Amino acid sequence: MLTPAKKEFIEFMMGADVLRFGSFVTKSGRNTPYFVNTGNYRTGGQIDRLGHFYATLVKETCGDNFDAMFGPAYKGIPLVTAAAGALAREYGIDKPYFFNRKEAKDHGEGGSLVGYKPQDGDRVIIIEDVITAGTAVRETMPILQACGKVEAPDMFISVNRCEVGQTPGKTAIMEVQEEFGIRVHALVTVEDIHQYLKEQGTFGEVLPAMEKYMEQYCVL
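Each residue of the sequence shown is one higher than the one before, starting from 787 at the first, in the working numbering.
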């Protein structure tokens, strides 16, 4: 269902040139007529507002029932920072956050993690941008598993593309949930975006390509 909050977030992404329409290639190698690039957020106002959207979803889903927040490098770094700040500012939920380096540091304090150092028993939520085929999640989980006995019960993303993963009939998110026990929560889904475009009535050139792609790759 396309709620006012979802409509607001879709328009926010489009206004920031994050949700784009054209011809793109996803990380999983699929040619797609729509693409979400959170690397296009580039102002303080945008990242502040983005943090609000994520914080609201985290609050509604988990409350304060977690110990820390993790943002996978690179795009997850500003996302987790913004979400952590908004949670503290808007809801009084002041939780530690951390992220990883792509290359481990061999001087100073060393290591591949920056920020909070997870402790055994911690419940860590993950702040990410998009899941397409689950590739990034499978790269992220070994990083958290190397931290010790931490749990990662929930992941929060901007857009659920609802795309099939490695198993026919199952989305990448379904696979991630089964493989790692992670519940994935999205601010919007591709169905929400499709419904929004149809209701606007000004995206006639986009909809046919989008619908063809969804029919081929999405599990709805």
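Even for Gly, the Cβ is constructed at its ideal location relative to N, Cα and C. What you are looking at is a predicted structure, and each value in this text was computed from that prediction instead of being measured.
**Prompt:** If you count every other CB in all the chains shown that lies within 10 Å of the CB of Glu964, and 16 or more means buried, which is it?
**Reply:** Along the sequence shown, read from residue 1 onward, the residue named residue 964 stands at position 178. Glu964 comes out exposed.
**Item:** Which residues DSSP lists as bridging Cys1004, in chain order
**Value:** Residue numbering aside, residue 1004 sits at position 218 when the sequence shown is read from its first letter. Paired residues: Glu949.
**Message:** Just to confirm, is the Cβ distance from Asn852 to Ile911 under 8 angstroms?
**Reply:** Here residue 852 refers to the residue found at position 66 of the sequence shown. Here residue 911 refers to the residue found at position 125 of the sequence shown. Contrary to the premise, residue 852 reads as Phe rather than Asn in this sequence. Cβ distance < 8 angstroms, so Phe852 and Ile911 count as in contact.
**Request:** Output the residue ranges of the alpha helix (DSSP H) runs that lie fully inside the segment 789-869 and measure 4 residues or longer, sorted by chain position.
**Result:** 790-801, 830-848
**Request:** Would you tell me roughly how many angstroms separate the C-alpha atoms of Met1000 and Pro790, rounded to the nearest one?
**Result:** To locate residue 1000, count along the sequence shown from 1; it is residue 214. To locate residue 790, count along the sequence shown from 1; it is residue 4. If I take the Cα positions, the gap works out to 23 angstroms.
**Asked** Going by DSSP, what residues sit across from Gly990 in a beta bridge?
**Response** In the sequence shown, residue 990 corresponds to position 204, counting from 1. DSSP, once it has assigned bridges, lists no residue as partnering Gly990.
**Request:** Whole angstroms is fine: what's the gap from Met996's alpha carbon to Gly808's?
**Result:** Numbered from 1 along the sequence shown, position 210 holds the residue referred to as residue 996. Numbered from 1 along the sequence shown, position 22 holds the residue referred to as residue 808. Looking at the two C-alpha atoms, the distance is approximately 10 angstroms.
**Message:** So, at 6 angstroms on beta carbons, what are the nonlocal neighbours of Asp880 in its own chain, with the 5 sequence-adjacent residues on each side left out?
**Reply:** As a first step, residue 880 must be located in the sequence shown, where it is residue number 94. Same-chain partners within the cutoff: Ala874.
**Message:** Output needed for Ala841: all residues of its chain with C-beta closer than 7 angstroms, excluding positions within five of it in sequence on either side, in chain order.
**Reply:** The count along the sequence shown starts at 1 and reaches residue 841 at position 55. Apart from sequence neighbours up to five positions away, the residues of its chain that approach Ala841 with a beta-carbon distance below 7 angstroms are Ala869, Ala872, Leu873, Glu876, Tyr877, ordered along the chain.
**Asked** Does the pairing of the segment 970-979 with the segment 942-955 give three or more beta-carbon distances under 8 angstroms?
**Response** yes
**Prompt:** How long is the line joining the alpha carbons of Lys984 and Thr867, rounded to whole angstroms?
**Reply:** The sequence position of residue 984 within the sequence shown is 198, counting from 1. The sequence position of residue 867 within the sequence shown is 81, counting from 1. Looking at the two C-alpha atoms, the distance is approximately 34 angstroms.
**Asked** How far does the alpha helix (DSSP H) with Ala958 in it reach, from first residue to last?
**Response** Taking the sequence shown and counting its residues from 1, one reaches residue 958 at position 172. Counting along the chain, the alpha helix (DSSP H) containing Ala958 begins and ends at 958-966.
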